[in-house]
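In terms of the UniProt record's numbering, the sequence shown opens at residue 1 and continues consecutively. One structure is given here, and the rest of the page talks about it.
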Amino acid sequence: MINLNVFSQILSLIDRELFKDLVSKHKSDKHQKGINSWTHLVSMLFCHFSSADSVRDISNGLRSTTGNLNHLGVVRAPSKSNISYINTHRTHELFKDLYYSVLDRLWQKDTHFRKDLGQLKRKVYLMDASIIPLCLSVF
């Protein structure tokens with residue numbers, strides 16, 4: 001599982017006003033169905049840092065920390081269907097712009113790591129290598 005103190009420190013690197021401006025720019029909360037963009041971001045970061053393998057792992061993991069969610073700016077833990085829906089229907093442009101904004105802020109803030117940060121501005125190519133276990137009796 002993930003240490004929520006460390007997780008909240010990572011989230012504190014994201015300027016909430018900048019995030020709200022980006023949400024307004026991309027209108028990503030326009031047709032929200034119970035989950036706003038901040039909750040979506042927290043859910044996806046939680047997924048990554050806790051090495052969650054499924055939507056169920058994300059939902060149950062966030063639900064198990066219910067007392068601490070309000071400190072992260074999340075009102076309630078999203079359900080499995082909500083996470084699945086927002087991953088399908090929300091654009092990635094908000095998170096792309098957020099990434100580059102945080103990167104630019106770190107670039108200006110910390111001159112010691114500029115060489116390393118400069119490498120992050122190149123194109124990143126990712127390949128999904130997730131494994132889906134199958135049951136032979138189904139086939």
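Beta carbons: idealized from backbone N, C-alpha and C, even for Gly.
Item: Quick check on residue 166: does DSSP put it in helix, strand or coil?; Value: Only positions 1 to 139 of the chain appear in the structure, and residue 166 is not among them; the question remains open.
Item: Along the chain, where does the alpha helix (DSSP H) containing residue 86 start, and where does it finish?; Value: 80–89
Item: When burial is assigned at 16 or more other CB atoms within 10 Å of the CB, is residue 82 buried or exposed?; Value: buried
Item: In chain order, what residues of the same chain lie with their CB nearer than 6 Å to the CB of residue 74, ignoring the 5 residues before and after it?; Value: 39, 42
Item: Does the CB of residue 107 have a neighbour CB from chain D at under 8 Å?; Value: Structure shown: chain D not included; a single protein chain is present.
Item: Considering just the uninterrupted stretch of the alpha helix (DSSP H) at residue 76, what are its terminal residues?; Value: Per DSSP, residue 76 belongs to no alpha helix (DSSP H) and is neither H nor E.
Item: Please report the distance separating the alpha-carbon of residue 106 from that of residue 49.; Value: 20 Å
Item: Please report how far the alpha carbon of residue 90 lies from the alpha carbon of residue 31, in whole angstroms.; Value: 10 Å
Item: Enumerate in chain order the residues of its own chain whose CB-to-CB distance from residue 52 is below 8 Å, with the five nearest sequence positions on each side excluded.; Value: 46, 58, 61
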